[in-house]
Amino acid sequence: MPKSKPAPKHDWLSWLHQAPRRAKQIVLLLIDIFMLPVLFTLALSVRMGELDLPSKAQMLDIPLMIILMIVCALFTRVYSAVVRAFDEHYLQSALFASISWAMLLWVAASAGITHTLPRSVIIITGALLMLHFWVSRALIRTVLFVLLKRREQHTNLAVFGAGQAGRQIMAAAAGMAQYRLTGFFDDDPELIGTRINGLPVWSGRQAQRFIERLDIDEVIVAMPSVSRSRRRDIIDSLQKASGERDIHIRMLPGLDRVMSGDISLNDVQDIDILDLLGRDAVPPDLALFRHHVADRTVLVTGAAGSIGSELCRQLLTARPDTLVLFDHSEFGLYSIERELRASFPDATLVPILGSVMDQARLERLMRHHHVETVYHAAAYKHVPLVEANPFEGVINNSLGTYHTAVAARDAGVETFVLVSTDKAVRPTNVMGASKRLSELVLQALAAEPIVPGTLGTCYAMVRFGNVLGSSGSVVPLFRKQISQGGPITLTHPDITRYFMTIPEAAQLVIQAGGMAKGGEVFLLEMGESVRILDLARQMIRLSGLSERTVSQPDGDIEVVFTGLRPGEKLYEELLISDEGIEHTDHPLIYKAHERFYPLSRIEALFAEIEELALMRDTIGLKQLLLLSIHGYKPDFAAEDNSGCLDERPEDAMSIAAFEAELDLPYNESQVTPV
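Following full-length UniProt numbering, the numbering of the sequence shown begins with 1 at its first residue and continues without gaps.
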């Protein structure tokens with residue numbers, strides 16, 4: 001971060017720097033009025049070749065000169081320019097003002113309005129006026145900056161990228177007293193060794209030498225057109241070059257502002273987490289993207305959630321006939337509907353308040369609107385909350401999926417896509433187990449014979465990891481903690497996660513649905529898993545701060561480990577088994593073949609869950625999930641906040657008895673292959 005500045009002193013310099021714009025314009029006007037007679041005298045002296053003061057008659061013409069100068073300067077907006085950032089636009093205004101002034105004075109002299117004014121003196125005075133407009137502003141700016149920089153701490157700034165974007169950033173920073181410009185870094189051999197606006201261009205390989213020599217505090221990466229993988233390489237190289245120094249690295253995103261030529265330091269942002277991950281976006285396959293969406297009626301459950309709302313945004317770009325928004329949150333539904341109507345004014349939107357547990361209403365709704373495609377994103381997803389409220393999580397996530405999927409089948413919906421999670425693979429928490437049970441529901445329904453006279457519903461599920469920017473995401477939490485001075489809280493030093501953006505995840509979910517034939521588990525390519533501790537440390541360093549440790553007690557931000565939360569895993573997986581994975585037509589989407597139960601077993605399981613729910617038997621629920629979900633490792637000691645039983649009834653089967661039967665659920669006689 002830029003170094004902090006002490007409060008300005010209360011004197012003429014501070015007043016001039018902080019005065020209202022109108023006051024500064026008046027000061028400049030008074031300077032110009034004072035200087036015009038001086039310039040006129042100088043012009044007379046140049047013409048005569050020696051000091052020549054104006055005659056008494058010529059002195060009477062000076063008020064007219066001043067009036068004409070004010071009129072011309074105001075008309076050409078000379079006083080509208082900001083002194084600390086004047087550029088070629090200001091110079092053009094000053095040139096037009098000087099020429100206009102000379103022409104008007106010439107006309108006045110020719111008409112006999114003025115006294116004896118030699119025409120050459122008018123021309124020379126006009127040229128000197130132009131020079132005054134330029135030199136006086138440059139001198140004022142230089143003097144103010146030098147004096148202010150002596151008083152204030154400043155940030156030594158460098159820009160990586162000497163192209164158009166980098167030059168605009170430097171021009172913007174040149175008008176700010178808190179920055180001292182050092183130079184550019186670039187990898188273009190034609191630019192290295194040159195000077196741009198008086199600043200040197202160095203090779204990116206020389207970053208370490210110049211960062212140390214010039215005490216550089218901040219580097220702005222102004223290369224908006226390069227790929228994310230290239231940005232990551234640049235960030236890594238700058239971090240290595242900084243060594244033990246805590247430099248602040250920021251990024252200029254987006255080409256649109258660069259092309260418009262309208263860039264300011266407000267456009268510069270902290271490093272996007274994607275620039276650290278190095279994930280390059282893959283454009284969607286439009287055929288897959290539009291396959292089950294274009295000109296169709298589409299329903300999204302959980303439409304107000306992080307994934308559901310982004311699904312709605314992406315779906316509307318594929319131009320469905322009608323988009324039905326289904327959610328249980330009144331405010332959430334109101335918010336997403338309002339946003340979508342503003343962004344897509346021609347779209348047909350149908351907001352519906354309701355619960356995924358109301359199967360009869362869902363079926364009527366789907367029939368009434370002739371829904372053809374359903375994206376089921378409604379779910380409770382926060383691991384600790386679901387662990388503390390297990391029945392609510394299982395009933396909403398698993399039983400809700402069953403009711404929604406059956407309603408879709410009975411209403412004749414063509415395609416049903418479930419949004420799942422990597423936490424469903426060998427889950428250690430109730431949330432993950434509930435999502436795996438949701439997958440089993442769809443796999444079982446997909447295996448059921450098609451009712452004669454119907455086309456049947458195509459069921460598919462899409463499994464992926466964490467999405468950046470969703471509610472509860474770790475990245476905005478870390479940013480907030482850093483801005484507050486820390487500490488950053490982590491549950492475990494070795495915890496890792498997969499990441500992708502919400503828009504990318506939503507696009508891939510839609511495209512996976514376009515490939516569905518029935519019963520598939522689609523997996524999204526998540527790239528390399530990220531160690532969360534490394535991510536936190538990178539975010540600290542890229543903010544220009546240092547980590548506070550035992551060996552570095554004077555650091556800025558401390559990282560505190562709080563211990564794994566109930567049900568939390570150190571790492572996530574996308575596959576239950578490495579067998580049966582296939583590539584698809586999309587480079588970031590894979591298809592897995594996994595075992596599942598017949599529908600009769602799933603329905604019997606739900607009946608048992610509902611009985612346990614009546615008794616609020618948490619231990620019994622987890623033991624039942626333990627029997628039914630492959631790889632599930634329940635946390636029986638997790639605190640339950642929902643009023644459930646802390647202990648099992650005396651006549652209930654013991655945990656040891658359940659553990660003895662762990663192999664039962666995946667016996668070949670009970671489990672059906674895909």
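The beta carbon of each residue, even a glycine, is placed where N, CA and C say it ideally should be.
Quick caveat: nothing in here was measured; it's all calculated off a predicted structure.
State the DSSP-derived secondary structure class of residue i, mapped to helix, strand or coil.
| i | result |
| --- | --- |
| I249 | strand |
| V550 | coil |
| H10 | Legend: pLDDT at H10 = 44, less than 50; position of this residue unreliable, value from coordinates given subsequently. Coil. |
| E212 | helix |
| N466 | strand |
| E582 | strand |
| M422 | One detail in the question is off: residue 422 reads as Asp in this sequence, not Met. Helix at D422. |
| P351 | strand |
| S120 | helix |
| residue 676 | No answer is possible for residue 676: it lies beyond the span of the chain, which begins at 1 and ends at 674. |
| residue 677 | Any answer about residue 677 is impossible in this case: the structure gives the chain only from 1 up to 674. |
| H492 | coil |
| T415 | strand |
| I67 | helix |
| K480 | helix |
| S55 | coil |
| R436 | helix |
| K517 | coil |
| L588 | coil |
| residue 728 | Only positions 1 to 674 of the chain appear in this structure, which leaves residue 728 out of reach. |
| I113 | coil |
| K24 | helix |
| F391 | helix |
In the DSSP output, what is residue i paired with across the bridge?
| i | result |
| --- | --- |
| E528 | Partner(s): none; E528 has no beta bridge. |
| R180 | N156 |
| T317 | DSSP output for T317 lists no bridge partner at all. |
| D186 | S203 |
| V300 | L325 and Y375 |
| C458 | T415 |
| I307 | I307 is not bridged to any residue. |
| I196 | L199 |
| S543 | H248 |
When you compare only the Cα positions, how much space is there between residue i and residue j?
| i | j | result |
| --- | --- | --- |
| T489 | V560 | 5 Å |
| H630 | A378 | 23 Å |
| S237 | Q206 | 10 Å |
| R537 | T501 | 21 Å |
| S80 | T182 | 29 Å |
| G563 | P493 | 9 Å |
| W101 | T194 | 39 Å |
| S260 | A171 | Residue placement at S260 is poorly supported in this model, since its pLDDT is 49, which falls under 50; the coordinates still yield a value, given next. Cα to Cα, the separation comes out at about 15 Å. |
| G302 | Q168 | 43 Å |
| E594 | L524 | 16 Å |
| A304 | M366 | 19 Å |
| T297 | D585 | 25 Å |
| residue 675 | E558 | Residue coverage of the chain in this structure runs from 1 to 674, which leaves residue 675 outside it and unanswerable. |
| T618 | G308 | 29 Å |
| M653 | I609 | In this prediction, M653 has a pLDDT of 48, which is less than 50 and means its spatial position is unreliable; what the coordinates show is noted afterwards. Rounded to the nearest angstrom, the two C-alpha atoms are 15 Å apart. |
Let's see if you can read the secondary structure: which residues bound the alpha helix (DSSP H) around residue i?
| i | result |
| --- | --- |
| V451 | No alpha helix (DSSP H) holds V451; DSSP gives it neither H nor E. |
| V386 | V383 to A388 |
| E337 | E330 to S343 |
| V226 | Taken as a continuous stretch (DSSP letters only), V226 belongs to no alpha helix (DSSP H), as it is neither H nor E. |
| E363 | Q359 to H369 |
| V406 | G400 to D410 |
| L627 | T618 to S628 |
| A165 | Q164 to A174 |
| F289 | L286 to H291 |
How far does the beta strand (DSSP E) with residue i in it extend, from its first residue to its last?
| i | result |
| --- | --- |
| M500 | F499 to T501 |
| V221 | E218 to V221 |
If we define contact as Cβ-Cβ less than 9 Å, is residue i a contact residue for chain B?
| i | result |
| --- | --- |
| E190 | Chain labels in this structure do not include chain B; a single protein chain is all it has. |
Q: Could you say if the stretch 477 to 495 and the stretch 513 to 525 meet the contact criterion of at least three C-beta pairs nearer than 8 Å?
A: no
Q. Quick one: any contact between the stretch 35 to 44 and the stretch 124 to 139, if contact means 3 or more CB pairs under 8 Å?
A. yes
Q) With a cut-off of 8 Å, do at least 3 Cβ pairs link the stretch 102 to 110 to the stretch 57 to 68? A) At 8 Å Cβ cutoff, the stretches touch.
Q. Between the stretch 434 to 448 and the stretch 409 to 424, are three or more C-beta pairs nearer than 8 Å?
A. With the cut-off at 8 Å, the stretch 434 to 448 and the stretch 409 to 424 touch.
(Q) Tell me whether the stretch 342 to 352 and the stretch 392 to 408 touch, counting them as touching only if at least three CB pairs, one residue from each stretch, are closer than 8 Å. (A) no
Q: Give a yes or no on contact between the stretch 303 to 320 and the stretch 423 to 441, applying the rule of three or more CB pairs nearer than 8 Å.
A: no
(Q) Can you confirm whether the stretch 215 to 223 touches the stretch 157 to 164 when touching is taken to mean that 3 or more C-beta pairs between the two stretches lie within less than 8 Å? (A) yes
Q: Kindly confirm or deny that the stretch 225 to 233 and the stretch 132 to 145 touch, where touching means at least three C-beta pairs closer than 8 Å.
A: no
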